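Peer 1:
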Amino acid sequence: MVATIPYRLKSCRNICCFWRQLVEEQQYPFQSIEEKWHAIWQQKKPARVTEDSDKPKYYCLVMFPYPSGSNLHMGHVRNYTIGDVIVRYKKMQGFNVLSPMGWDAFGLPAENAAIKNNIHPNEYTRTNIGVMTKQLLALDILYDWNRELATCDEEYYRWTQWIFLKFYERGLAYKKKHPVNWCETCHTVLANEQVIEGACWRCKELVVKKELDQWYLKITDYAERLLQDLDKLKQWPERVKTMQANWIGRSEGIEFKLKIDNTDQELSVFTTRIDTVFGITYMSIAPEHPLLKELLAGKPEAAKVKAFAEKVKMLSEIERASTEKPKEGIDTGLRLVNPVNGEKVPLYAADYVLMEYGTGAIMAVPAHDQRDFEFAKNHNLPIKVVIQPEGQILAANRMTEAYVEDGVQVNSGQFDGMKNREAMQKIAAWMEQEGIGKKVINYRLRDWLISRQRYWGCPIPMIYCDDCGILPVPEKELPVTLPLDIPYQPSGMLESARDFAETTCPKCGKKARRETDTMDTFIDSSWYYLRYASPRDQEHAFNPEAVKYWMPVDQYIGGIEHAILHLLYSRFFTKVLHDQGLLEFDEPFKALFTQGMVLKDGQVMSKSKGNTVSADYMVENYGIDTTRGFILFAAPPERELEWSDQGVEGIFRFLRRVWLLYERWIPLLTNTPNKIPDGLPEKDREIRRKLHQTIQRITVDLENDFKFNTAIAAMMELMNDLNTVKEPSPEEAAGRMSVMKEVCLNFAKLCAPFFPHLAEELWQQMGHTGTIFAAGWPKCDAAGAAEEKVTIVIQVNGKVRSRLETTPDMDKQKVEAKALADDRVRNLAEGRKPKKVIVIPNKLVNIVF
RNA sequence: GCGGAAGUGGCGAAAUUGGCAGACGCGCUAGAUUCAGGAUCUAGUGGGGGCAACCUCUUGGGGGUUCAAAUCCCCCCUUCCGCACCA
Numbered sequence: 083m084v085a086t087i088p089y090r091l092k093s094c095r096n097i098c099c100f101w102r103q104l105v106e107e108q109q110y111p112f113q114s115i116e117e118k119w120h121a122i123w124q125q126k127k128p129a130r131v132t133e134d135s136d137k138p139k140y141y142c143l144v145m146f147p148y149p150s151g152s153n154l155h156m157g158h159v160r161n162y163t164i165g166d167v168i169v170r171y172k173k174m175q176g177f178n179v180l181s182p183m184g185w186d187a188f189g190l191p192a193e194n195a196a197i198k199n200n201i202h203p204n205e206y207t208r209t210n211i212g213v214m215t216k217q218l219l220a221l222d223i224l225y226d227w228n229r230e231l232a233t234c235d236e237e238y239y240r241w242t243q244w245i246f247l248k249f250y251e252r253g254l255a256y257k258k259k260h261p262v263n264w265c266e267t268c269h270t271v272l273a274n275e276q277v278i279e280g281a282c283w284r285c286k287e288l289v290v291k292k293e294l295d296q297w298y299l300k301i302t303d304y305a306e307r308l309l310q311d312l313d314k315l316k317q318w319p320e321r322v323k324t325m326q327a328n329w330i331g332r333s334e335g336i337e338f339k340l341k342i343d344n345t346d347q348e349l350s351v352f353t354t355r356i357d358t359v360f361g362i363t364y365m366s367i368a369p370e371h372p373l374l375k376e377l378l379a380g381k382p383e384a385a386k387v388k389a390f391a392e393k394v395k396m397l398s399e400i401e402r403a404s405t406e407k408p409k410e411g412i413d414t415g416l417r418l419v420n421p422v423n424g425e426k427v428p429l430y431a432a433d434y435v436l437m438e439y440g441t442g443a444i445m446a447v448p449a450h451d452q453r454d455f456e457f458a459k460n461h462n463l464p465i466k467v468v469i470q471p472e473g474q475i476l477a478a479n480r481m482t483e484a485y486v487e488d489g490v491q492v493n494s495g496q497f498d499g500m501k502n503r504e505a506m507q508k509i510a511a512w513m514e515q516e517g518i519g520k521k522v523i524n525y526r527l528r529d530w531l532i533s534r535q536r537y538w539g540c541p542i543p544m545i546y547c548d549d550c551g552i553l554p555v556p557e558k559e560l561p562v563t564l565p566l567d568i569p570y571q572p573s574g575m576l577e578s579a580r581d582f583a584e585t586t587c588p589k590c591g592k593k594a595r596r597e598t599d600t601m602d603t604f605i606d607s608s609w610y611y612l613r614y615a616s617p618r619d620q621e622h623a624f625n626p627e628a629v630k631y632w633m634p635v636d637q638y639i640g641g642i643e644h645a646i647l648h649l650l651y652s653r654f655f656t657k658v659l660h661d662q663g664l665l666e667f668d669e670p671f672k673a674l675f676t677q678g679m680v681l682k683d684g685q686v687m688s689k690s691k692g693n694t695v696s697a698d699y700m701v702e703n704y705g706i707d708t709t710r711g712f713i714l715f716a717a718p719p720e721r722e723l724e725w726s727d728q729g730v731e732g733i734f735r736f737l738r739r740v741w742l743l744y745e746r747w748i749p750l751l752t753n754t755p756n757k758i759p760d761g762l763p764e765k766d767r768e769i770r771r772k773l774h775q776t777i778q779r780i781t782v783d784l785e786n787d788f789k790f791n792t793a794i795a796a797m798m799e800l801m802n803d804l805n806t807v808k809e810p811s812p813e814e815a816a817g818r819m820s821v822m823k824e825v826c827l828n829f830a831k832l833c834a835p836f837f838p839h840l841a842e843e844l845w846q847q848m849g850h851t852g853t854i855f856a857a858g859w860p861k862c863d864a865a866g867a868a869e870e871k872v873t874i875v876i877q878v879n880g881k882v883r884s885r886l887e888t889t890p891d892m893d894k895q896k897v898e899a900k901a902l903a904d905d906r907v908r909n910l911a912e913g914r915k916p917k918k919v920i921v922i923p924n925k926l927v928n929i930v931f
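Using the working numbering, you'd call the opening residue of the first sequence number 83 and step up by one each time.
Given below as structure tokens:
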């Protein structure tokens, strides 16, 4: 018995009130309404769609979740609710709406749980998918569950492998030995994008460098297009585009070589400040630069430099990258020749030079680069000024910091006296002409390291044969199945699974080994949006016709945390598949919306902080519609949402008032005709005006940036007005009833995307047999919405002093005359003539004395 | 350090071709109902002043443009986010 009573009533002190309140509560029987429609939708499956060339399509996608052991949290609910409002709205507008759901199901947490609880990652994942599916179903969000997919399904990952092979064929997947980011806790390597402030993005453990032979995807080949095409993404947040642009980090400069004295070797450097090239006083090279080892072989400096390189290697990324740390370095004893002026300068191995960027060596101009300046001061290296600020003389020995601004060239040979911006172009051209240097574009973006030394992931479909080398698994042999029935161990599971690891060479038939690393899970999620178009296709990764119909995604919704990772990778995949001729478009997501986080007590909701509100609790005690309403109303969707129990109560009250409003009016409207009679009295015209203005406002709010909060506020205003509408006297009845009927029909439709259960129930109670979602989105009747009177504010010297009621669009002279005739204005005028009168039609008059 | 976004009542927030600041909700106050608490309903609710009509101040701070500024410009402060020796 007690179990069926909503929890929110249990705070009641005694059983008497208990009952009374229960009765009152049932004035809005949300539980039975929601249960009823839940059952009907479960059976009718209104989200099921197929390609239909007669209807415009709309693909609304929410970022699919990782099936973690903890329940669905409010962040998920917010994400999916936003998507659902859009889906239902677009449906009502007549679009053929695709709204799929699936599981980003490979990944490390499954293995970590296995370590902890001794459950097989597969079992763990499947169980979680079951639990979360149940929770999602309980939310009655419109998903076409026929299209459900999980990236750990063989039927999915065989195509992930197939796509990998396409990359390999195009030369976009390759293996190289290279120092990589290694996370000891996760026992695997990480891509650059997955290292945040020197630490693993998942477990926050500091990463270390390890030299390993790994698989990479050549995303750098697409750097320019990934950057350029950001311009195509008109409906993406600027913030995300900026982050991607910064990550790609394009910079234009000059690469040139310096001869190494007494050898026939040269050292390449890259600079964006070629205007300062005459100011080189020394050169710096990354201590681990391979050329260094070669050049120093047999020299006395070799040991010292090697020791320094070792020391630098021991530093963590953070320490090495810290700008606080004094810059250290060591003279290699080598001398280089500056090709522009023939000066000989020393070469230092320095810890502030990164092997990863540019050529791993730099020209050092202490006068005009802060880092070089600091290093030069520490090592007593000369400083040579080659750019003077206009109207000022810089003295090298008195400088306290580098001068990095623009100025005029000095000590720069034939370029002296030029403005440095101009000199930059001229020096570059001259160096190209002389064959000393060339223009080069550098990117910060690195190739994507995709090997993972983990079990629960998509196997990389490659084979190693002692005789034939590295070979791809033939397409017809896909999928390379991840073996499930093998002993569980913390690392090296696939390596020690002999049935898996041992195979035969597809070329020569001899014994060979399989690749036993799996792919980064971000690969799985880089193409899932394509699979949704034809999730059961046995012949293709994605059916060309289906993809042509559904793609690109019209609206993608998710968290900002994927601004670079997932979104950049997906764009890359789409471009490669486009180049492969498999897709006609080259950007996957037309519009992106990033929702804000859900907070409680100013902090992110999390289990460890113990400040979570579960979806189950909300659904049980307040209902889905109230939960949706709160999430949508409490803050604009892109902003953070602070959870408030009282705010939830507020929405609950609103929905109950809506319900009671219909309870009152529906019985009165049964025989009312739909046609609005002519010559309505003022009050009825007013009701209609409010209705049509509300339709207009909500439509605009939904079209522009999903302003759900103000849309709901508009509904509340309408409802507040309607609550003051009285039952009509007999002579008023015909007009009032038909107006109220129009109001009730349209208000229910306005509610539908936000409060689907309530709306559907009201719709049915008004005598409809079909669903409200097929009833069309209401249209604003411009004539009905038009104001009959306007209040014009009268300002005197910019301050509101009076008001004027007029008919709309009255001409300016008339308004001015009326304003000047106003009693208060005449008082304030004190007989003076106005200096100026500004009239803004339908808004305001400002009289300046 | 560089780049970006933001700062409005007690709180969440509205208002942008510059035109009534604070819509809507929460909270609070008073009244109705009730033995009482809760719930519900009605009214009020930015600050200061005034019996009142009304006056006055107010959108992080300071300046400016304008008949008119939350909105545009300049300087400063704070918060959040991203990048951070990228040559």
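Just so you know, even glycine gets a beta-carbon here, dropped at the ideal spot from N, CA and C.
Every value quoted in this text rests on a predicted model; they were computed, and no experiment measured them.
Quick check: the region 548-560 against the region 587-605, are there 3 or more CB pairs under 8 Å?
Peer 2: As far as the Cβ criterion goes, the region 548-560 touches the region 587-605, which means the pair count is three or higher.
Peer 1: Assuming L340 and L373 form a contact by the criterion Cβ under 8 Å, report the distance between their Cβ atoms to the nearest whole angstrom.
Peer 2: Wrong, their Cβ atoms sit about 12 Å apart, outside the cutoff.
Peer 1: Can you name, in chain order, every residue of its own chain whose Cβ lies under 8 Å from the Cβ of Q217, other than the five neighbours on each side?
Peer 2: N153, L154, A697, D698
Peer 1: I need the straight-line Cα distance from N423 to F360, nearest angstrom please.
Peer 2: 7 Å
Peer 1: Considering only their Cβ atoms, is the gap separating I164 from F788 smaller than 9 Å?
Peer 2: At a Cβ-Cβ threshold of 9 Å, F788 and I164 count as neighbours.
Peer 1: Between the Cα of A673 and those of Y250, K127, V322, D498, spot the shortest distance and give me the residue it belongs to.
Peer 2: V322
Peer 1: Consult DSSP for Q310 and reduce its assignment to one of helix, strand or coil.
Peer 2: The answer is helix: DSSP assigns Q310 an H, G or I state.
Peer 1: Using only CA atoms, which one of L827, A867, P838 lies nearest to H850?
Peer 2: L827
Peer 1: Spell out the partners DSSP gives Y430 in its beta bridges.
Peer 2: Answer is S366, D413.
Peer 1: Tell whether a beta-carbon distance below 9 Å holds between G331 and L527.
Peer 2: Going by C-beta atoms, G331 is nearer than 9 Å to L527.
Peer 1: Using the C-alpha atoms, what's the distance from T781 back to L665?
Peer 2: 34 Å
Peer 1: Quick one: residues in its chain with C-beta nearer than 6 Å to the C-beta of Y651, no 5 flanking neighbours on either side, listed in chain order?
Peer 2: F604, S608
Peer 1: If we require 4 or more residues per run, which alpha helix (DSSP H) segments fall completely within the region 198-253?
Peer 2: Within the region 198-253, the complete alpha helix (DSSP H) runs of at least 4 residues fall at 203-220, 236-251.
Peer 1: So, for W241: in the same chain, excluding its five sequence neighbours on each side, which residues have a beta-carbon less than 6 Å away from its beta-carbon?
Peer 2: If we look at W241 and ignore the five residues flanking it on each side, its Cβ neighbours are A623.
Peer 1: In whole angstroms, give me the CA-to-CA distance for N524 and G440.
Peer 2: 7 Å
Peer 1: Kindly indicate the opening and closing residues of the alpha helix (DSSP H) around E275.
Peer 2: From DSSP, E275 is part of no alpha helix (DSSP H); its letter is neither H nor E.
Peer 1: Looking only at its chain, what residues have a beta carbon closer than 6 Å to the beta carbon of T354, apart from the 5 residues adjacent to it on each side?
Peer 2: Hits under 6 Å: S333, G335.
Peer 1: Would you list the residues sitting across from I545 in a DSSP beta bridge?
Peer 2: L553, R596
Peer 1: For L436, is the classification buried or exposed, using 16 other Cβ atoms within 10 angstroms of its Cβ as the cut-off for buried?
Peer 2: exposed
Peer 1: Taking the alpha carbon of N462 as the reference point, which residue from I122, G411, A505, W859 has its own alpha carbon closest?
Peer 2: When the alpha-carbon of N462 is set against those of I122, G411, A505, W859, the nearest one is in G411.
Peer 1: Which term fits Q685, buried or exposed, when burial requires 16 or more other beta carbons within 10 angstroms of its beta carbon?
Peer 2: exposed
Peer 1: Using a Cβ-Cβ cut-off of 6 Å (strictly less than) and excluding sequence neighbours within five positions of P860, which residues of its own chain qualify?
Peer 2: Cβ within range, chain order: I777, N828, K831.
Peer 1: Identify which residue in N204, K173, K118 has its Cα closest to the Cα of P63.
Peer 2: In the structure as shown, the chain starts at 83 and stops at 931, and residue 63 therefore has no counterpart that could be examined.
Peer 1: Within 10 Å of its beta-carbon, does L742 have 16 or more other beta-carbons around it, so buried, or fewer, so exposed?
Peer 2: exposed
Peer 1: If we count the other Cβ atoms within 10 Å of its Cβ and call it buried at 16 or more, is K466 buried or exposed?
Peer 2: Buried is the label assigned to K466, since at least 16 other Cβ atoms lie within 10 Å of its Cβ.
Peer 1: For the putative contact between L180 and D134, defined by C-beta atoms under 8 Å, what is the C-beta separation to the nearest angstrom?
Peer 2: Actually they are not in contact, since the Cβ atoms of L180 and D134 sit about 11 Å apart, beyond 8 Å.
Peer 1: Exposed or buried, which one is P572 when buried takes at least 16 other CB atoms within 10 Å?
Peer 2: exposed
Peer 1: Does DSSP classify G534 as helix, strand or coil?
Peer 2: Residue identity check: residue 534 is Arg in the sequence provided, not Gly. R534 falls in the strand class under three-state DSSP.
Peer 1: By a C-beta neighbour count over all protein chains shown, 10 Å radius and 16 as the cutoff for buried, is T694 buried or exposed?
Peer 2: buried
Peer 1: Classify I929 as buried or exposed, calling it buried when 16 or more other Cβ atoms lie within 10 Å of its own Cβ.
Peer 2: Buried, since its Cβ has 16 or more Cβ neighbours within 10 Å.
Peer 1: Would T215 and A192 be called neighbours here (beta carbons separated by less than 9 Å)?
Peer 2: no
Peer 1: Where does the unbroken alpha helix (DSSP H) through M396 begin, and where does it stop?
Peer 2: 383-396
Peer 1: Less than 8 Å between the CB atoms is what I'm expecting for L231 and G184, so what's the real figure, rounded?
Peer 2: 4 Å
Peer 1: With a threshold of 8 Å, are at least 3 pairs of Cβ atoms found where one atom belongs to the region 628-647 and the other to the region 137-144?
Peer 2: yes
Peer 1: In terms of alpha-carbon separation, which member of M500, D313, A384, R536 lies closest to N194?
Peer 2: R536
Peer 1: Give every residue of the same chain whose Cβ lies closer than 8 Å to the Cβ of T708, excluding the five residues on either side of it in the sequence, and list them in chain order.
Peer 2: F112, M700, V730, I733, F734, L737
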